Amino acid sequence: MTSNSGALPRSRPPRAALASPPQRPWRALIAAPIPACLLGALAIAAVEIVALGRPSLGLIAVCLSLHLALGLAIGAVLSAQEALLRRWPGLRRGASWLYALGALPALAFVAAHLFDGAQAAKLPGAALGHLWLPVLGVLAAAAAIALARRLRRRLGAAPGALLLALSAALVEYLGRTLYPSEYADVHAFLVALACLLAALSVRVAAAGSAPSAGASAAPPSQPAAASRLVIPGLAGAVVAALIASLVFGLADKDERLWVATHGTDLRHLVRVARLAFDRDRDGAAVVLGGGDCDDGDPAISPTAPERPGNGIDEDCDGRDLEALALPASDRDWDAELAAWARAPALEHTLARTRDMNILVVAVDTLRADALALPGDDDAADGAPADGAPADSEQAVASDTPHLDALLADAAVFRHAYATGAGTDISVSSTITGHISPFEGAEITLAEALRATGRATAAVFPTEVLRYAGQVLLGRGIDRLRRYVNDRGQRDVGSYTTSAETTRMALATIDAMGPHKRPFFLWTHYFDVHEHAQVLASDPTLARYGERFELGELAGKYRALVALTDAEIGRLFEELRARDLWDQTIIVLLSDHGESMGEDPRLPLRHGRFVYNALTHVPLVIRVPGATPRVVDAPVSVVDLMPTLLTLVGAELPPGLDGRSLLPLFLGSAPGLPPRPVAMSESEQSAVIVWPYKLLLRPADNLVELYDLASDPAEQRDLAEQQPQRVSALRAIMAQLPQVEIDRTRRGRRARDARSRAPRARTPAP
51 MTSNSGALPR SRPPRAALAS PPQRPWRALI AAPIPACLLG ALAIAAVEIV ALGRPSLGLI
111 AVCLSLHLAL GLAIGAVLSA QEALLRRWPG LRRGASWLYA LGALPALAFV AAHLFDGAQA
171 AKLPGAALGH LWLPVLGVLA AAAAIALARR LRRRLGAAPG ALLLALSAAL VEYLGRTLYP
231 SEYADVHAFL VALACLLAAL SVRVAAAGSA PSAGASAAPP SQPAAASRLV IPGLAGAVVA
291 ALIASLVFGL ADKDERLWVA THGTDLRHLV RVARLAFDRD RDGAAVVLGG GDCDDGDPAI
351 SPTAPERPGN GIDEDCDGRD LEALALPASD RDWDAELAAW ARAPALEHTL ARTRDMNILV
411 VAVDTLRADA LALPGDDDAA DGAPADGAPA DSEQAVASDT PHLDALLADA AVFRHAYATG
471 AGTDISVSST ITGHISPFEG AEITLAEALR ATGRATAAVF PTEVLRYAGQ VLLGRGIDRL
531 RRYVNDRGQR DVGSYTTSAE TTRMALATID AMGPHKRPFF LWTHYFDVHE HAQVLASDPT
591 LARYGERFEL GELAGKYRAL VALTDAEIGR LFEELRARDL WDQTIIVLLS DHGESMGEDP
651 RLPLRHGRFV YNALTHVPLV IRVPGATPRV VDAPVSVVDL MPTLLTLVGA ELPPGLDGRS
711 LLPLFLGSAP GLPPRPVAMS ESEQSAVIVW PYKLLLRPAD NLVELYDLAS DPAEQRDLAE
771 QQPQRVSALR AIMAQLPQVE IDRTRRGRRA RDARSRAPRA RTPAP
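In terms of the working numbering, the sequence shown opens at residue 51 and continues consecutively.
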């Protein structure tokens, strides 16, 4: 037996060599930042393409190019960060912070206007949100990246990749379901975050270890030579596709409308791209079918008002409009009204109404088709006029007995429209008689009625005063009563308040004394507005659980309409008990309608757009002793102020946009031609010259035309079939007051400053 003691010991291969076999070139390529981010963005784009539902090839191309461009941008940031770590290895200890700082520009973009809205502005710390939110976001990102490192060491590559993929799916789901029509900047950020998480999942799966973006302390090695050739080629192809989409994409109106109404991620990416390429910052871009015909002049764009006859195409519709006369001039209307008002029968009526009380019952967010309007065949058949859920019409009509009784004893305006789809613009227009109510109204309805010797009062929820502006709403009000629609919570509408509203209204009436002076009282019911927030467990609402499905949005809406009807009925009964019923002019109206999810063009609830479901509202005027009638002529809420002032014999202030409606419901009305009815919102404006309604959506370069007589749900767009009518209506719209709607914190402050009463004011008697 020989000894081997003198032989050299057999060496063992390094542990790393046994644990990590050489990586295949394609895996190394996919694990690189840019290819991985492109694949992640491609996965998110595929989800959006499926969600669009049978999109055209053009839409698919735009969707892919914008998502891939986003992926390229994210990959470029990651590549730059990893290059820094390779250049300065000492930064590796703070790699988590370096990667987290990459999100700072996106977080600053989101925080810039996140807290401008009326709801967000009331949150603690909202005033400095644009500062603390990006800082907090970076801290959270750094913590998440540090946690990802630990999870990578414990879980390994496959579970880590799966966890990242599930996180991307969760973010994508939240972006599609959580307030999908609100907070556009937040949703754009969520699209980018979903793409990033999907990309990191790809990197983990391809590399067999955690990605460098926070999951590894050391950056990956330099890409192979093949990768250095492929990656620039991929980037160049994405850039070329992006340029083609920016120039040629969304040139078709139907595609733009489809993106605006059915798109989720794509809609937000299109908005960001247009914003990025809007050189003159006028709210419109030349790219992606934005329609800006002069991106160097902010006075020329689809959002600009057209000045007819000046030889300049300000609104980029391809022509300079010729000046056209409005369908009915102010002089014709006023002259016929003055001649008609001298009739003996009308003089007798006005002598009776001169000293009557006025009670305005405003039901916030009440759609016109929530009531069975007399003469409305659609309501009688149970078919929704404005695209409401098919079962809502009959259910609501049968559960509003008190409002039904009022409709049967009053003048009912079947085609009444708000000036906007938000409380601020609509209520303000109602009390000023102006289409653009914040441009220094000389006098409000309450001020004018107080000048006639009336005691004036109002009952408002705090949310309306904050959102619409207490400065304007409080002008001319002797007694301003407010109620908090939350009972212990911060204005979130968790509990019903209609009973409290009625109690306050009656207490206010009693507080105004034995009524030696007539009174004016605005009573604002808010429960219907809060149908998405009021808890089904609310004791008052719970009593309606057997008649309505409180777990569904439409069911709770109908239940709150019925609940409000009961409280309005109690108010009316108390008026009778006080012998005030036959001494009081009663007005029922709403400030705007509501979306019930029945139309993809509509927002989650209201605002932003002026389709019928959002602006067609009830308007009912009961004058004691007057014959009930149904009025088919289109009217606006701006007509209420001159109507009430005429009823009490007050002189109309000059320059009102509204006109008295007395010729339409008292006595024999003169043959007055139709007038244009205007409405405006932050993303859309419209004008109605019956029966046609023209809608403009400038930021998306969309023009729509509907015949409301045959198509009240606005489903058959006639714009391309009737271009001459579109031009004529655009000319009329150009001559109407232009409304600027700025609901940011700064905009509300400026609005309140302009809404203050002039110093010279008629003193209260």
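We put the beta carbon where it would ideally sit given N, CA and C, even for glycine.
Fair warning: this is a prediction, and the values are worked out from it, not measured in the lab.
- Boundaries for M729: no alpha helix (DSSP H) harbours it, while the beta strand (DSSP E) harbouring it runs 727-730, taken from the DSSP string.
- Under the three-pair Cβ rule at 8 Å, the segment 629-645 counts as touching the segment 655-668.
- Per the Cβ contact rule, the segment 352-362 is in contact with the segment 781-801 (3 or more Cβ pairs under 8 Å).
- Annotation: I527 is outside any beta strand (DSSP E) and is labelled neither H nor E by DSSP.
- By the CB criterion at 7 Å, S486 and P787 fall inside the cutoff.
- Contact check for C113 and A249: beta-carbon distance about 17 Å, past the 8 Å limit, so the pair fails to qualify.
- Within the segment 285-337, the runs of alpha helix (DSSP H) that reach at least 4 residues and sit entirely inside it are, in chain order, 303-312, 315-326.
- By the CB criterion at 7 Å, T502 and A700 fall inside the cutoff.
- The Cβ-Cβ distance between A207 and V254 falls below 7 Å.
- For E754, no alpha helix (DSSP H) encloses it; the enclosing beta strand (DSSP E) starts and ends at 752-757.
- Annotation for P451: no beta strand (DSSP E) segment contains it, though the alpha helix (DSSP H) segment containing it runs 451-457.
- Here the alpha carbon of A349 sits roughly 8 Å from the alpha carbon of D332.
- A direct Cα-Cα distance of roughly 14 Å separates V100 from G108.
- Annotation for K743: the continuous beta strand (DSSP E) segment containing it runs 742-747.
- Following the DSSP letters along the chain, one finds W182 inside the alpha helix (DSSP H) bounded by residues 179-205.
- For L639, the uninterrupted beta strand (DSSP E) segment begins and ends at 634-639.
- Rounded to the nearest whole angstrom, the C-alpha separation of R324 and D330 is 11 Å.
- Per the C-alpha coordinates, the member of L292, V789, D419, R651 positioned closest to H312 is R651.
- Around the CB of L694, 16 or more other CB atoms lie within 10 Å, so the residue is classed as buried.
- The beta carbon of I110 is closer than 7 Å to those of I99 in its chain, skipping five residues each way along the sequence.
- Of the candidates L148, P678, F598, R317, R317 places its Cα closest to the Cα of A95.
- Counting other Cβ atoms within 10 Å of its Cβ, W572 reaches 16 or more and is therefore classed as buried.
- Three or more Cβ pairs drawn from the segment 503-511 and the segment 551-563 lie within less than 8 Å of each other, which places the two stretches in contact.
- Taken through DSSP and simplified to helix, strand or coil, A126 comes out as helix.
- In the three-state reduction of the DSSP assignment, P568 falls in the coil class.
- In the structure shown, F715 adopts helical secondary structure according to DSSP, grouped into three states.
- Membership of S735 in the beta strand (DSSP E) is indicated by the continuous run 735-739.
- If you check the CB distance, R306 and L752 come in under 7 Å.
- A residue is called buried when at least 16 other Cβ atoms come within 10 angstroms of its Cβ; D632 does not meet this threshold and is exposed.
- With 16 or more other Cβ atoms from the protein chains shown falling within 10 Å of its own Cβ, N662 counts as buried.
- Cβ contact annotation for T415 (same chain, cutoff 6 Å, sequence separation greater than five): V578, H579, E644, in chain order.
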